[in-house]
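Encoded as structure tokens, the structure appears first; notes follow it.
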Amino acid sequence: MKRLFAVATLFALTYFCAAGQSADSLAVQPIEPVASPIVVDTLATESPALSVLLFNDGTWRYVQNRTTEQDSLVYNRYWDNDNISAYNSMPKDSLPSSVAINLVDSLKSYRYPYVGRITSRYGIRHRRPHNGIDIALKVGDTICAAFDGRVRFSKATDTGYGTLIIIRHDNGLETYHGHLSARLVEENDRVVAGQPIALGGNSGRSTGPHLHFETRYLGQSFDPERLINFRTGELRRDHFLLKKGYFSIYSKYSQDFNAEAERNEAEKKETALSAEKRYYKVRSGDYLGLIAKRNHTTVSALCRLNGIKSTTTLQIGRVLRVK
Ligand SMILES: [Zn+2]
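For the sequence shown, this note's numbering begins at 1477 and goes up steadily by one.
Shown next, in the form of structure tokens:
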């Protein structure tokens, strides 16, 4: 034991001496200018258009190859200029249970498509699924692309959407913009985040000028409020974990939010309740009446809290809840 201690002390001394020595030698050496981080590795990702650069200071960032990207699977698979749904032939079981979507980084930017008063949310409306969100606007207001991408669909339709523009984005998401009065981009056009793509309107099944905005992944819609705060136009997060459960029309962001708030409330109550709880350890000579009196409660309250009868024999050392 003594020897072990000695070894440990020696080790510690050696360590501190070494540290001291290196500090001294640093002090006499000329200070080198701080160099910018050096790339130590490039990692491939699932997307051939995207690599990760690792730097010697432990940081990393994505790099994108625009030429590769435009030929990537996002734009080559299920690319359809004539149908609103492009993924109909995709097997349903090929939907991933969850997918991490990188919305914004040093190379990807975002701009709100349109900010205004929400007049209808994602979910069931008049017993029919409403697969997007409605935002009130004035006819002729400018609508922008949310992320970089390519126009997959740009047509006046005789469907409920009216004039509709669908953009497929580099991140794999598709955004739908319905009830438009004018189209500013054509199919297969490359667009960047913030680029005006259309003017708002009242075409299709619409009872007043508004933008119908949908977010979809592999053809499946999910609540756009999961991505965007339409009151401020801000993106809720830079990296989004899209879960399969979100594709249900009943899966709403606001519900999650309420559920979370309820959970927090319940937890608070629980904490408050447990803070109020008081316990008493039965001593020699104790009886229920005495314990009740000592703890400013009643025998019946003690019986209720502990699930006992007034006639129950109390073992010494038994812990009773008194409050
Ligand atoms: Zn709508």
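From the three backbone atoms N, C-alpha and C, an ideal C-beta is built for every residue, glycine too.
- Remark: C-beta atoms of F1623 and H1645 approach each other more closely than 9 Å.
- Taking 3 residues as the minimum length, the beta strand (DSSP E) runs contained wholly in the stretch 1677–1740 are 1686–1693, 1696–1698, 1715–1719, in order along the chain.
- When only Cα atoms are considered, M1566 and D1634 end up about 25 Å apart.
- If you check the C-beta of D1714 against ligand 1, you find no heavy atom less than 8 Å away.
- With the criterion CB distance below 6 Å from any heavy atom of ligand 1, the matching residues run S1596, H1606, G1608, D1610, H1688 along the chain.
- A distance below 8 Å between beta-carbons, with the five flanking residues on each side excluded, links K1785 to the following residues of its chain, in chain order: C1779.
- Taken in chain order, the whole beta strand (DSSP E) runs of length 3 or more contained in the stretch 1608–1641 are 1609–1612, 1618–1620, 1625–1632.
- Listed as beta-bridge partners of V1580 by DSSP are no residues whatsoever.
- Secondary-structure assignment with DSSP links K1757 through a beta bridge to V1795.
- For R1593, no alpha helix (DSSP H) run applies, since DSSP gives it neither H nor E.
- Per DSSP, V1528 lies in no alpha helix (DSSP H); the unbroken beta strand (DSSP E) holding it starts and ends at 1526–1531.
- By the CB criterion at 9 Å, I1611 and Y1590 fall inside the cutoff.
- Non-local C-beta neighbours of D1617 in its own chain, meaning closer than 6 Å and more than five positions away in sequence, comprise G1676, ordered along the chain.
- A direct Cα-Cα distance of roughly 42 Å separates A1737 from K1631.
- L1703 sits away from L1796, with the two beta carbons spaced by 9 Å or more.
- Remark: C-beta atoms of A1674 and L1649 do not approach each other more closely than 9 Å.
- When the Cα atoms are used, H1715 and S1776 turn out to be separated by approximately 56 Å.
- Counting C-beta pairs with one atom in each stretch, the stretch 1685–1695 and the stretch 1552–1572 have three or more that are closer than 8 Å, which means they touch.
- Exclusion of the five residues before and after V1758 leaves L1790, I1792, R1794 as the residues of its chain whose Cβ lies within less than 6 Å of its Cβ.
- A1658 and T1639 have their C-alpha atoms roughly 8 Å apart.
- Checking the DSSP bridge columns, you'll see V1539 partnered with S1527.
- Looking at the DSSP output, E1650 bridges to R1644, R1692.
- For R1601, the enclosing beta strand (DSSP E) begins and ends at 1599–1601.
- For L1764, the secondary structure class from DSSP, reduced to helix, strand or coil, is helix.
- A distance below 9 Å separates the beta carbons of A1576 and L1718.
- Beta-bridge analysis with DSSP links T1518 to L1529.
- Across the structure, T1521 and V1528 are spaced so that their CA atoms are roughly 7 Å apart.
- Between T1595 and H1686 the beta-carbon gap is near 6 Å, inside 8 Å, which marks them as a contact.
- Annotated three-state conformation of L1571 is coil, per DSSP.
- Residue environment for A1621: buried (at least 16 other C-beta atoms within 10 angstroms of its C-beta).
- Under DSSP, H1606 shares a beta bridge with G1599.
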